[in-house]
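In this text, residue positions in the sequence shown follow our numbering: the first is 988, and each later residue adds one.
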Amino acid sequence: MPDNKTVRINNRLYDAATGLPIEEKAPKTTTKKATGRPHTPAAAIHSAPQRSQTLHRRSTKKPGLPKRPQPGKHMDIARSSAVKRFAPHPVTTQPDPAPVVKDAPAKDHPIVKRAAAKSTPTKSVAATPKQIKDAAIAKALAPDSKRATKKKKESKTKQHKGWTRRKIVFLAFLLVLMGAAAVTYINLPSLSVAFASSQSGVDATYPKYIPSGYGLQQPVTFSNGEVALTFASHSSDHQYTITQSSSTWDSSAVLENVVKKEAGDNYTIDQEQGLRIYLYDQNAAWVNGGILYVITSDAPLSNEQMRRIATSL
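See below:
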């Protein structure tokens, strides 16, 4: 619309004839497209080989420094005989040839010489009839001498083996004898008591407890219906005797017939493992299983030792 038909009021455009506002169109802004580098894929970089920039030395001459001009050789000048500063030319003398030394001839090694000497055939000498006869006799006697030597060796070996076997048997017998002696010595008291028991008719026993410092005195004495075991001290003259005899008494009879006759009322009574033991004047008496046991002692035995002896029978 022409500018004379429009009126601008408060920065707004109106139609002069109608008085209506006219909308103004904003000018179009043209945007320029950015021109960037074209995208090249990574695989396309190595698709075309690059031309070589190396010189071909076969067809190109190697560069070098320029040659400098060299001075030319001067001609020799005639020398005056009056000038003495010039040294005379040395005269070359050829050295005398060295004398030729001839090599020593090759020598055989001593080992090779010995081997060759062994391999050389020796001349055979015909044997005389006497030598032949002696050789035949020696050959005939050789087996007998070898056989005799072999027999001697065998006899010596047999004797040695026999002596060794006898030694072994003797040592074994000696060991058995020593073992039997040791066992017999250990069990000798029990064996002695068993022998006395069988001879007297009393079922006597050997005590399991013996006070320290005492040992059974041999031989074990016995009589008809009675066995006596005497134990003596190893360090003094003290001893005690255990008498075992067959009896039908009970404890009351033992008290009346043995204890009171010996000690009167000076006695004590101990009950130990069902036994009624009477102790008086370092002596003891009790009955058990039809056997009367009496201990008579001059040794300083305590009541506790008496009780242990009684319970061990």
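The beta carbon of each residue, even a glycine, is placed where N, CA and C say it ideally should be.
Values in this document were obtained by computation on a predicted structure and should not be read as measured data.
Determine the contact status of residue i and residue j, defining contact as a CB-CB distance below 7 Å.
i	j	result
Ala-1215	Thr-1230	yes
Tyr-1196	Arg-1295	yes
Thr-1298	Gln-1258	no
Glu-1355	Ser-1199	It is not possible to answer for residue 1355, since the shown part of the chain is limited to 988 through 1300.
Thr-993	Ala-1003	yes
Phe-1209	Ala-1183	yes
Ala-1250	Asp-1268	yes
Val-1246	Tyr-1254	yes
Report buried or exposed for residue i, applying the criterion of at least 16 other Cβ atoms within 10 angstroms of its Cβ.
i	result
Trp-1150	exposed
Asn-1307	Any property of residue 1307 remains undetermined from this structure, which presents the chain solely from 988 to 1300.
Met-1293	buried
Leu-1164	exposed
Ser-1106	exposed
Ile-1282	buried
Pro-1176	buried
Leu-1288	buried
Pro-1092	exposed
Ser-1284	buried
Pro-1316	Given that the chain is displayed from residue 988 to residue 1300, the structure contains no residue 1316 and the question cannot be resolved.
Ser-1068	exposed
Pro-1053	exposed
Pro-1056	exposed
Pro-1097	exposed
Pro-985	With the chain covering 988 to 1300 only, the question about residue 985 has no answer from this structure.
Pro-1194	buried
With a cut-off of 7 Å, does the C-beta of residue i fall near any C-beta of chain D?
i	result
Arg-999	The displayed structure is made up of one protein chain only, and chain D is not part of it.
Just confirm the distance between the C-beta atoms of residue i and residue j, as a whole number of angstroms; I'd bet it's less than 8 Å.
i	j	result
Leu-1266	Tyr-1280	Rounded, the Cβ-Cβ distance is 13 Å, inconsistent with contact.
Ile-1264	Asp-1190	Actually they are not in contact, since the Cβ atoms of Ile-1264 and Asp-1190 sit about 20 Å apart, beyond 8 Å.
Asn-1211	Ser-1179	Not quite, the Cβ-Cβ distance comes to about 18 Å (not below 8 Å), so this is no contact.
Pro-1008	Arg-995	With 8 Å as the limit, Pro-1008 and Arg-995 do not qualify as a contact, their Cβ atoms being about 10 Å apart.
Does the segment 1217-1224 come close enough to the segment 1233-1243 to have 3 or more Cβ pairs within less than 8 Å?
-> Of all C-beta pairs linking the segment 1217-1224 to the segment 1233-1243, fewer than three are shorter than 8 Å, placing the two stretches out of contact.
Any contact of the segment 1268-1286 with the segment 1202-1211, i.e. 3+ C-beta pairs under 8 Å?
-> no
At 3 residues or longer, and completely inside the segment 1206-1259: list those beta strand (DSSP E) runs for me, N to C.
-> 1208-1210, 1213-1220, 1226-1233, 1255-1259
Report the residue ranges of all beta strand (DSSP E) runs contained in full by the segment 1165-1211; include only those spanning at least 3 residues, in chain order.
-> 1201-1203, 1208-1210
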